[in-house]
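Taken in sequence, the protein lines are chains A and B. The opening residue of the first sequence carries number 1 in our numbering; numbering runs sequentially from there. The opening residue of the second sequence carries number 1 in our numbering; numbering runs sequentially from there. Below: one structure, written as structure tokens.
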Amino acid sequence: MRAALLICAKDLRSRLRDRSALLVGIVVPFGLAFIFSLILGGVTGRSQAIRLGVVDLDHGPVAARFTGQVLPAVARSGVVTVRREPTAAAGRRLTASGALGAVIVIPRGFSARVRSGGPASLTVIGDAASPISGQVALAIAGGFAAELNRVRLSVAAALRDLGPAPPPAAAVRRLAARAAAAASPVTAQDVSAASRQLDTKSFLAAGMAVFFLFFTVQFGVTSLLEERGDGTLARLLAAPVSRASVLGGKLATSFLLGVLSMAVLEVATSVLLGASWGDPLGVAVLTVAAVLAATGIMALVATLAKNAEQAGNWQAVVAVVLGLLGGTFFPVSEAPGVLASLTFAAPQAWFLRGLGDLRGAGLPAVWVPALAMLGFAAVTGAVALARLRRVAEV
Amino acid sequence: MAPGPVLSCEGLRRRFGGIVAVDGVGFVIQAGETYGLLGPNGAGKTTTISMIAGLLQPDAGRIVVSGEPVSTRAVAVRRLIGYVPQDLAIYPDLSARENLVFFGRLYGMPAARARERASEVLELTGLADRAGDLVKTYSGGMKRRLNIGLGLLHRPRLLILDEPTVGVDPQSRNAILESVESLAGEGIAVLYTTHYMEEAERLCDRVGIIDHGALIAEGTRDELVSMVGGRDRVRLLAPGDLGAWAAALAGREWVHEASVTGQGVDLMVTGARGHLAEILAAAAQAGVTVRSVEVTEPDLEAVFLHLTGRALRD
Ligand SMILES: Nc1ncnc2c1ncn2[C@@H]1O[C@H](COP(=O)(O)OP(=O)(O)OP(=O)(O)O)[C@@H](O)[C@H]1O
Ligand SMILES: [Mg+2]
């Protein structure tokens, strides 16, 4: 144990000294997260500037609900801004000029038609120049329409239960109000599903951090091969130190470098880039699990190689493939079919998923992703240890 | 000092695939004794040493250091052994002092003791004024000296040096040889491999000659040399009629052979140094003026040639 710590301390010292670990572990991932967030932040900035207009020609209670509750809620998510326009013509003009991305028009008599169960529709005025804004507006309007339809269905169902006689208008209104009120939990659930995803900055920070983690941990395990090549392994093994201590020291170096770089990145991206990683305890659990998984996988790859150089090459390939598969650069989970399920073969995916779940569902949600990553660590680590014993022969 | 030899090994055998690298090597080293393992490239020196240092498990044989058996699993006994690998084994990204303190602590020294001992070794190896510099900035000779210093650090009872002077400039080489000489004076048992016979002659109390994985001869320098007959060649250059002089010399009991060549006389004698005056006196008596004398004593090189029919170095 003492020997393992001495070896680990020696390795950490020379790693921190030669700066390459610092570069790979902290500077590059932070730099990339920063640059990407500038680039994508521009995109996000434009999409935040998805400027929608709303024209209320109805002035009824349903319209009031849409403009007073639904739109402000959507605007609060930061995706859109909404501004009222007096007439459809004004909206159309502003859309054509590009001042607004799209305009949602609530036609005259909309509330009345909704309440009487007649056909009612919202109109979206878009422009070919900003198709995304049009899509967003359609989605918002469509979502509201769907909710209204559900309310209407439940009203209709309740009325059917009341019997064949035509219902008094007051009863219908009461039922509709109750149904609409009952609908709010459903709305709340939708909102939480949306927030299960990390915002752009946090996603970039976490993605880059976990991508480079798989490079950072190499500095520990692979140095065993380096030491064998340099002859210093013979000297370590000639000392009164067990082989297990030498291996333990190397694995500990990987682990500590990994945890250190992740911790620095987590703090730095939070403070400097405004990323929000989530509940620190949950982040810590996920981080430790991810570092262990990375250490196990990279140790395993190292044991398959003949020398440090070959190990470095193979590890780079594995780190990049798993990184891409794990959606560290762009979310693969939204890809179709096979690819989406393949992401579960990458601990990086579990890490990012864990952060999303942590955000959406809180601390208890991190256990599944954390255990998945620990599973990677256990399997690869066990095989690697068995093989490393052979590597530690001079 | 514990009685009995510091190192005894017997019947060491190790093969790598089809190659039998070491085939039945065994020898004993006493405290204060320097034992040389002399052999050409690929003879099995490093393999033998790796087994003695506990780095390589022998296929057969037994190694005991100060009464404790050595194997790749025996950890404690390694404290008694200092090992200087053939190839440099030092951390280039650490300073000399950091290298020494790290290994000192690995050998179980408390931090303060390790620092103290590091300073002593830095003095000993003449690296004190560069102690804080990263090793990668050192010259080849400095690295070699540090490589050796690391083997001495924990005051082993047995110090194993595997060709420590390969690729070293003459000045550093001399410093290394001197420090090895002084170690033996301190009672350390030294196992020294080399394929430079001059080093073996200078340093080693006893020499084992190894070839193709087997010890083919062992003994003190003089014992080994006497195996080839122990005769010195004396080549004398002189003008004029040399017949009478040669005949007079041939009559002496210590002269085995005397022949007149074009420019002088060649003798094969026992103990040339002791008889040079007599040879020259005989020349004066015979009226011969000797212009030059060249004495060639047999050496380990000659022993190796005699035993194997090959030169030690190609
Ligand atoms: N790890 C190994 N794998 C395969 N063969 C080996 C290995 N180590 C040594 N050998 C072989 O064993 C034989 C003895 O090698 P060894 O290194 O012991 O020689 P040596 O006397 O130290 O030579 P040198 O003077 O060149 O250092 C050689 O034929 C060598 O090729
Ligand atoms: Mg050798």
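The beta carbon of each residue, even a glycine, is placed where N, CA and C say it ideally should be.
Sheet register partners of B/Cys9 (DSSP bridge):
B/Phe27, B/Ile63
Where A/Val55 and A/Gly126 are concerned, what is the direct C-alpha to C-alpha distance, given to the nearest angstrom?
13 Å
Would DSSP call B/His306 helix, strand or coil?
helix
Limits of the beta strand (DSSP E) - the one that B/Val234 falls within
231 to 237
Would you tell me roughly how many angstroms separate the C-alpha atoms of B/Gly208 and B/Ser226, rounded to the nearest one?
15 Å
Output the distance between the C-alpha atoms of B/Ala74 and A/Ala349, rounded to the nearest integer angstrom.
45 Å
Beta-carbon proximity of B/Cys9 to B/Gly32, cut-off 8 Å
no
Stretch-stretch touch, CB-based, cutoff 8 Å, three pairs: the stretch 231 to 249 of chain A with the stretch 274 to 284 of chain A
no
Measure the alpha-carbon distance for B/Phe103 versus A/Gly323 and round it to whole angstroms.
38 Å
With a cut-off of 8 Å, does the C-beta of A/Ser14 fall near any C-beta of chain B?
yes
Quick one: is A/Ser20 near chain B, going by C-beta distance under 8 Å?
no
According to the Cβ coordinates, are A/Val80 and A/Leu52 closer than 8 Å?
yes
Quick one: grab the DSSP three-state call for A/Arg46.
Its pLDDT being 40, under 50, A/Arg46 is placed unreliably in this model, and the value from its coordinates should be taken loosely. Note: A/Arg46 maps to helix in three-state DSSP.
Leaving out the 5 sequence neighbours to the left and right, which residues in its chain are closer than 6 Å to B/Leu163 when beta-carbon positions are compared?
Before going on, a small fix: residue 163 of chain B reads as Glu here, not Leu. These residues qualify, in order along the chain: Gln86, Thr193, Thr194.
Taking the Cβ atom as the reference point for each residue, do B/Leu158 and B/Val6 lie within a distance shorter than 8 Å?
yes
Would you say B/Tyr83 lies against chain A (beta-carbon separation less than 8 Å)?
yes
Any residues in the stretch 168 to 182 of chain B with a beta carbon nearer than 7 Å to a beta carbon of chain A? Which ones, in chain order?
none
Would you please verify whether the beta carbon of B/Phe102 is less than 8 Å from any beta carbon of chain A?
yes
Does any residue of chain A have a CB that is nearer than 8 Å to the CB of B/Leu305?
no
Determine, for A/Ala244, whether the minimum Cβ-Cβ distance to residues of chain B falls below 8 Å.
no
Taking 8 Å as the threshold (beta carbon to beta carbon), is A/Gly231 in contact with chain B?
yes
Exposure label - B/Glu178; buried when at least 16 CB within 10 Å
exposed
Does at least one heavy atom of ligand 2 sit under 7 Å from the Cβ of B/Asp162?
yes
Measuring CA to CA, which of A/Ser14, A/Arg84, A/Val264 is closest to A/Gly31?
A/Val264
Residue of A/His59, A/Arg2, A/Ala378 minimising C-alpha distance to B/Pro110
A/Arg2
Between the CA atoms of A/Ala252 and B/Ala21 - distance to the nearest angstrom:
36 Å
Using Cβ-Cβ distances below 7 Å, what residues of the stretch 376 to 392 of chain A are close to chain B?
none
Roughly how many angstroms separate the alpha carbons of A/Gln189 and A/Asp58, rounded to a whole number?
In this predicted model, A/Gln189 has a pLDDT of only 29, less than 50, meaning its place in the structure is not dependable enough to derive any value.
Does DSSP put B/Leu38 in a helix, a strand or coil?
strand
How about A/Gly31: is its Cβ closer than 7 Å to a heavy atom in ligand 1?
no
Determine, for A/Val221, whether the minimum Cβ-Cβ distance to residues of chain B falls below 8 Å.
no
Start-to-end residues for the alpha helix (DSSP H) that takes in B/Ile148:
140 to 152
Output yes or no for whether 8 Å exceeds the beta carbon distance between A/Leu325 and A/Thr380.
no
Nearest chain B C-beta to A/Lys306 closer than 8 Å, yes or no?
no
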